[in-house]
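Visitor: Residue numbers (this note's numbering), protein chains in the order written: chain A, 1 to 935; chain B, 1001 to 1434; chain C, 2001 to 2174.
#1: When the Cβ atoms of the region 1077-1084 of chain B are set against those of the region 1227-1240 of chain B, are three or more pairs found closer than 8 Å?
#2: Could you tell me which residues DSSP puts in a beta bridge with residue 76/A?
#3: Can you find a C-beta in chain B that's less than 9 Å from the C-beta of residue 2014/C?
#4: So, at 6 Å on beta carbons, what are the nonlocal neighbours of residue 2120/C in its own chain, with the 5 sequence-adjacent residues on each side left out?
#5: Taking a Cβ distance cut-off of 8 Å, strictly less, list which residues of the region 853-866 of chain A are near chain C, in chain order.
#6: Scan the region 777-807 of chain A for residues whose Cβ lies nearer than 7 Å to a Cβ of chain C and list them as they occur along the chain.
#7: Measure the C-alpha to C-alpha separation of residue 656/A and residue 377/A and round it to an integer number of angstroms.
#8: Among 2129/C, 2016/C, 2085/C and 2112/C, which has the Cα closest to the Cα of residue 2150/C?
#9: If the cut is a Cβ gap below 8 Å, which residues of chain C does residue 1437/B touch?
#10: Between residue 221/A and residue 440/A, what straight-line distance do the alpha-carbon atoms span, to the nearest angstrom?
#11: Hey, out of 284/A, 391/A, 389/A and 270/A, whose CA is closest to residue 344/A's CA?
#12: Please name the residues in the region 1247-1262 of chain B whose beta-carbon is closer than 9 Å to at least one beta-carbon of chain C, in chain order.
#13: Closer than 7 Å by C-beta to residue 1031/B: which residues in its own chain qualify, once you throw out the five before and the five after it? Chain order, please.
#14: How many Å lie between residue 1427/B and residue 2097/C at the Cα?
#15: Secondary structure at residue 444/A, three-state DSSP: helix, strand or coil?
#16: Quick one: grab the DSSP three-state call for residue 468/A.
#17: Out of 750/A, 102/A and 775/A, which has the shortest C-alpha to C-alpha gap to residue 820/A?
#18: If residue 133/A sits next to residue 387/A, beta carbons under 8 Å apart, how far is it from one beta carbon to the other, in whole angstroms?
#19: State the DSSP-derived secondary structure class of residue 960/A, mapped to helix, strand or coil.
#20: DSSP three-state call for residue 2088/C: helix, strand or coil?
#21: Hey, does residue 1966/C have any beta-carbon neighbour from chain A nearer than 9 Å?
#22: Candidates 125/A, 435/A and 195/A: which alpha carbon is nearest residue 522/A's?
#23: Can you tell me whether residue 1061/B is buried or exposed, with buried defined as 16 or more other CB within 10 angstroms of its CB?
#24: In the DSSP output, which residue or residues are listed as bridge partners for residue 239/A?
#25: Rounded to whole angstroms, what is the Cα-Cα separation between residue 857/A and residue 46/A?
#26: Give, in chain order, every residue of the region 2064-2082 of chain C whose Cβ lies closer than 9 Å to some Cβ of chain A.
#27: Which value, in whole angstroms, describes the spacing of the CA atoms of residue 2161/C and residue 2167/C?
#28: Determine the extent of the beta strand (DSSP E) in which residue 519/A is found, giving its start and end residues.
#29: Just checking: is the beta-carbon of residue 2174/C within a distance shorter than 9 Å of some beta-carbon in chain A?
#30: If the cut is a Cβ gap below 8 Å, which residues of chain C does residue 839/A touch?
#31: Note down, in chain order, every chain C residue with its Cβ under 7 Å from the Cβ of residue 46/A.
#32: Taking a Cβ distance cut-off of 7 Å, strictly less, list which residues of the region 752-779 of chain A are near chain C, in chain order.
#33: Could you give the residue range of the beta strand (DSSP E) that holds residue 2136/C?
#34: Between the alpha carbons of residue 2095/C and residue 2052/C, how many angstroms are there, rounded?
#35: When Cβ atoms are compared, which residues of the region 2024-2039 of chain C fall closer than 8 Å to chain B?
#36: Give me the Cα-Cα distance between residue 70/A and residue 462/A, rounded to the nearest whole angstrom.
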């Protein structure tokens, strides 16, 4: 019996006890004797951790999967992993809900005569595919293989199988293909790829449109490195963008540039750097001459950035010793995108820091990724009816591609379109044959997100449904096609490949550790002056101007390019900038709102030449006038142009008009107000140090603490509102997903929320708000049944089965962090498998709230007792702190004088929210300059 | 009190003998004490009323009652004190692992009870000295009565332990765990029973013309009979409440069909009592006293059967366990008695090894023939008389001979492993030589 | 005249009164009969023999008792390691062997179970030196395992109090 089968059985064991829990009446439940004893080290009732890799986005972050009784119940970033080193973003956390998604495709399905899907066996499916492969080969039609970004062994296997079966492998399709960057690097340095940016080595970072905290290449890795550097106070970071992104909101300085005019800005910068005197290596003369000369004024006029701002950026770059410029995102997705990317490259070249900061040796494996133009061609070929079998794996072009491509229509012209994926998205619905893919937690594999960084994909449970991994499907196809039956499974294939690559010992090490990192010598690259010059000449004439007002399609923190839309948790957790949870919306600037008299939630019709959408409005402070903003996934097949030279999409809709529909839409905006209303939740640095001295007068006796007093420190200077903590909390603590209707009634359940507070200048600060575990807690004193009480470890405990739901505590809580269960929140099967057995699932009429992950504390103390010691500092941490990519949250014991929390709580940056109320919270916030902070 | 530790019941038979002995003793003792408590209460009451009302009838009957209650010394001793000593012994045997506790408590109970007796006797002697029927000071009597009741309360609490052996470990830590709802309910139940019984006796007395005294008029007799009737009737009415609460408060392990059945029986019997009293014929003929008293005897019998059954259930595991442990216990005794000083040490070691062998190994191994494991005369020599090697195998056994199931890892303490290994080698070599 | 009206009335009242108590008693008895008894297990495993006769330590079969919150039921492999040879002709052992050969796990009926909101760890109690029998009774003498002790909160707390174990709600309440 395999380990997983055993765990499954034990899972049933405790599962059954969990599901049916009716007092101590006996004889009701089962108690199971498995067949074989488990492997060494597996103990039922104890958590097991297994390495794997996240596949929610192409970044390929390392995972540490928490298993209880054989079921994965939590995903955490793998500490030490070369990509994410312990952090995991909101999407990665939610990947678990994809695994357990109730609507996952359970078995292969074939579209019958009536256009309805009906289940068929894998045997049938495979033979059907290989037959149609054969006849289309016979009838001179082409068989094509299209997939999302694929790296590592799967890429190799796909190549091999395609060769064997004479299937043409198309360039992979990603909405964010970074084509402009690749083109530019190809042009300048002959390196047609996306380099790895070494933020950790820079002392100044200028990001031009690159949303490095949200979706850009590898957000968690960027966030982690950046926040480390910022924590040490070693880096300054400016951000330039036309719209407002979370990234922009977190930069030291953010400059709103006119849409499409970044090139002007950069050429001004480059010119200036050259004028500042020779740098090693300078620019070849022809390039220097080709570079247009702009006065600060004309540059300011061209970019919309005030002269002062320009000079600030200019001097910052010029004075920096190791400046790093990253162009990307929407700033490279417009007609001048190529120039923007190229100019960024040239600045990098001029500063002479390429090998150290821009690492081509460790390129971000985007080589196989194609562009929108490739997809346009594909659509054309489909239209001409020259395509036999078309595989569409892990990709959703029907949703992402512009209508103009009429991909949906042409897809029907293929003889057989084979959709592979896990949820029935737009593309899958169009396919004739649907092959369900196993989740990465159900299948073997590897990923090479960055050259030389191979990350293990390892199954932790048997497939929940009748699904296969892509590798297995390919191998079976090959088996059928080449006559000799399926040779081996994908697992054997991989083990064989790894064995050859790393040797037996190396492979075992890889399997245990979860990743391999090979080291290369840095790659020296040289600027091709001629090409650069010609590009610059071209630029003078080219008109990158976008007709304003313009609608920017921004990448989404929560759903990436829209692939996360299916996951309920990602809609339950609000967008940090707007605090809107469910539904689509259009962000407009306060100026626009004023002049056209728009209010939040007001419905407008936004339209361009041949397209229109009805969306509710959200007034977004900090957004510049003349620019509207929606998230990419709010608009299905948007009317986007293709950029000639890079083949990338222009992520703008220019000449967008707004027409009020006069209706109001129901939009759940969770925050009561976008400003602090002067309550000093985040104190104005000017007033810092003003302490409220009046001592607290209390009728209640002081609480004593024996060994532990748990406390939390949150560094607001590091927190960037990415909401990973919120997702982690949801999953760790079985916090239910309640849906839009409840959100509209203000009945959200999240124990932890990110509160964005905007300043007058549109600058925003994020305040993570959770139970403050007050030392003198207002909630405790009003509970008539002692369900809320203060425990000897300083925790503000809620005894759920004691709570009778008077809700006095919530009324009396100044922080509004207590959540009331208005209903039984059912967990649609198999989502209930995700529940953490260490917590009770709260029933209707019960108040719940953050417990500082008391179950983790309990586990740590248990370990401590076994070894006869106290819990060590850092041994126990909450789910939010663990998942935080910036390491902004620190948890520990306040009684231990040299624990990190004690040191940080003592720092002069520390304050507590509403200190004047005398609630004496256990959550300390750090505010102000990070320099000198103990972290 | 170390010596108490060895006071274990040596066999289940002995144990059940104890239980039935206890049953008998209680059957005599409790009604006796009960009648004393009930009777003296009533007598005191009458005495008091008599003082108020200056009615000779009250006082006379009070005296009469006191005399019936406080008979000679020796029956007091026989039925009051001796049984307690017996019960004490029985307890020491049954609750063998909480004897220190019962020791203290029983001493307390005895002392208090004795005090109670002597005080009441003192009170009674007043009557004798008194020439005519003069109201007497109630104080001493009251004190005596209280003492009796207190003693009986303590008694019922100790009695309560019998029904909840799970408490014993806690009891050894904190005496307060002695108090339990069940015990309190039992105490009240017994009190109710006492008064009911006393009432019955009074009815009986009232029925007959009291001890050939002159000038006893129908009036006083009627009064006595009514008193008895009311007393019994009301006592019998409250009885069921306690019976029910007893069932509710009994620990789960003490329950069984018999327990429920006997409670039902008690209810039915008390129903009968009430009916008899309610439908009793008027004045004149002999009253229902005899029948009532008879029924009460039955009731008490039922109650004791009920308790006995409950105790049986509560203790069945512990006793069953003892029965199963008996052989091992035997060997332990053997171990304790080294005959000869010279060989004492070696002998003891050998015995220890033998004991371990019989307890742990003999299930699967014999020296001469194959049982589950191989015959030891064949298997042990493989270790060439080296205890260490053998001990190593016993610590974590592996499969040696494929024709046998692999020996389970028993997780024995080191000294037992050592003992049994030495013993085995000794045996096999000895067997080989002779 | 009125006398013979009174009698039946009294009779009725008294028997009614006792009738009620009788009913309740019967009800109690029935509920005990339903739930309170020791359940029949799929395989009539005699703890008497294994614990008392062979005096196997509890953790010989319940291997997790000092390692996890669950004591765990033994894997059938463990049973078979002896019962391949011992008492193979007995009907119950045949059942066991069938389960083992057909790879069907044995579904025992739980005798001890706690509500969902309770955190209980066998490991902690065993390591604190609590003897198994303090909660599970003299298992070695039970032909059928039955629950001793009510497992109600008061039951837990009284022991925690007696032994000075922590009594913070969060120790046991999830």
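C-beta atoms are modelled at their ideal positions from N, C-alpha and C, and glycine is treated no differently.
Guide: The short version:
#1: no
#2: Stepping through the first chain from its first residue, residue 76/A is reached at position 76. Note: residue 76/A sits in a beta bridge opposite 64/A.
#3: Sequence index remark: in the third chain, residue 2014/C carries index 14 (1-based). Yes, residue 2014/C counts as interfacial toward chain B.
#4: As a first step, residue 2120/C is located in the third chain; it is residue number 120 there, counting from the start. Excluding residues within five positions, the ones whose Cβ falls inside 6 Å are 2114.
#5: 854, 855, 858, 862, 865 and 866
#6: 789, 791, 792, 795, 797, 799, 800 and 801
#7: Stepping through the first chain from its first residue, residue 656/A is reached at position 656. Stepping through the first chain from its first residue, residue 377/A is reached at position 377. Rounded to whole angstroms, residue 656/A to residue 377/A spans 28 Å at the Cα level.
#8: The residue given as residue 2150/C occupies position 150 in the third chain. Ranking the options by Cα distance to residue 2150/C, first place goes to 2112/C.
#9: One cannot answer for residue 1437/B here, as it falls past the ends of chain B, which runs 1001 to 1434.
#10: By 1-based counting over the first chain, the position of residue 221/A is 221. By 1-based counting over the first chain, the position of residue 440/A is 440. Looking at the two C-alpha atoms, the distance is approximately 20 Å.
#11: The residue you call residue 344/A lines up with position 344 of the first chain. Here the closest residue by C-alpha is 270/A.
#12: 1247, 1248, 1251, 1252, 1253, 1255, 1256, 1257, 1259, 1260 and 1261
#13: In the second chain, residue 1031/B corresponds to position 31, counting from 1. Once the five neighbours on either side are set aside, the close Cβ partners of residue 1031/B are 1197 and 1300.
#14: On the second chain, position 427 is the one that residue 1427/B refers to. On the third chain, position 97 is the one that residue 2097/C refers to. Each residue's Cα considered, the two are about 36 Å apart.
#15: Position 444 of the first chain, counted from the start, is the residue given in the question as residue 444/A. The answer is coil: DSSP assigns residue 444/A none of H, G, I, E or B.
#16: Residue 468/A sits at position 468 when you count from the first residue of the first chain. In this structure, residue 468/A counts as strand in the three-state DSSP scheme.
#17: Within the first chain, the letter at position 820 stands for residue 820/A. The shortest Cα separation from residue 820/A among 750/A, 102/A and 775/A belongs to 750/A.
#18: Your numbering for residue 133/A matches position 133 in the first chain. Your numbering for residue 387/A matches position 387 in the first chain. About 12 Å; that fails the 8 Å criterion.
#19: Nothing in the structure corresponds to residue 960/A, since chain A is present only between 1 and 935.
#20: Numbered from its first residue, the third chain carries residue 2088/C at position 88. Residue state, collapsed to three classes: coil.
#21: Any question about residue 1966/C goes unanswered here, given that chain C covers just 2001 to 2174.
#22: The residue labelled residue 522/A in the question sits at position 522 within the first chain. Comparing Cα positions, the closest option is 195/A.
#23: As a first step, residue 1061/B must be located in the second chain, where it is residue number 61. Residue 1061/B should be labelled buried.
#24: Along the first chain, one-based indexing puts residue 239/A at 239. Beta-bridge pairing links residue 239/A to 207/A and 254/A.
#25: Numbered from its first residue, the first chain carries residue 857/A at position 857. Numbered from its first residue, the first chain carries residue 46/A at position 46. Approximately 14 Å between the Cα atoms of the pair.
#26: 2064, 2067, 2068, 2069, 2070, 2072, 2073, 2074, 2075, 2076, 2077, 2078 and 2079
#27: The residue given as residue 2161/C occupies position 161 in the third chain. The residue given as residue 2167/C occupies position 167 in the third chain. Distance between the alpha carbons of residue 2161/C and residue 2167/C: 7 Å.
#28: As a position in the first chain, residue 519/A is number 519, starting the count at 1. No beta strand (DSSP E) contains residue 519/A, which DSSP labels as neither H nor E.
#29: As a first step, residue 2174/C must be located in the third chain, where it is residue number 174. Yes, contact with chain A.
#30: Taking the first chain and counting its residues from 1, one reaches residue 839/A at position 839. Those within 8 Å of residue 839/A in chain C are 2174.
#31: In the first chain, residue 46/A corresponds to position 46, counting from 1. What residue 46/A touches in chain C: 2068.
#32: none
#33: For the purposes of this step, residue 2136/C is taken as residue 136 along the third chain, with counting starting at 1. Run containing residue 2136/C: none in the beta strand (DSSP E); it sits in the alpha helix (DSSP H), 2132-2136.
#34: Taking the first residue of the third chain as 1, we reach residue 2095/C at position 95. Taking the first residue of the third chain as 1, we reach residue 2052/C at position 52. Computed Cα separation, rounded: 23 Å.
#35: 2024, 2025, 2026, 2028, 2029, 2032, 2033 and 2036
#36: Locating residue 70/A in the first chain gives position 70, counting from the first residue. Locating residue 462/A in the first chain gives position 462, counting from the first residue. Cα to Cα, residue 70/A sits roughly 10 Å from residue 462/A.
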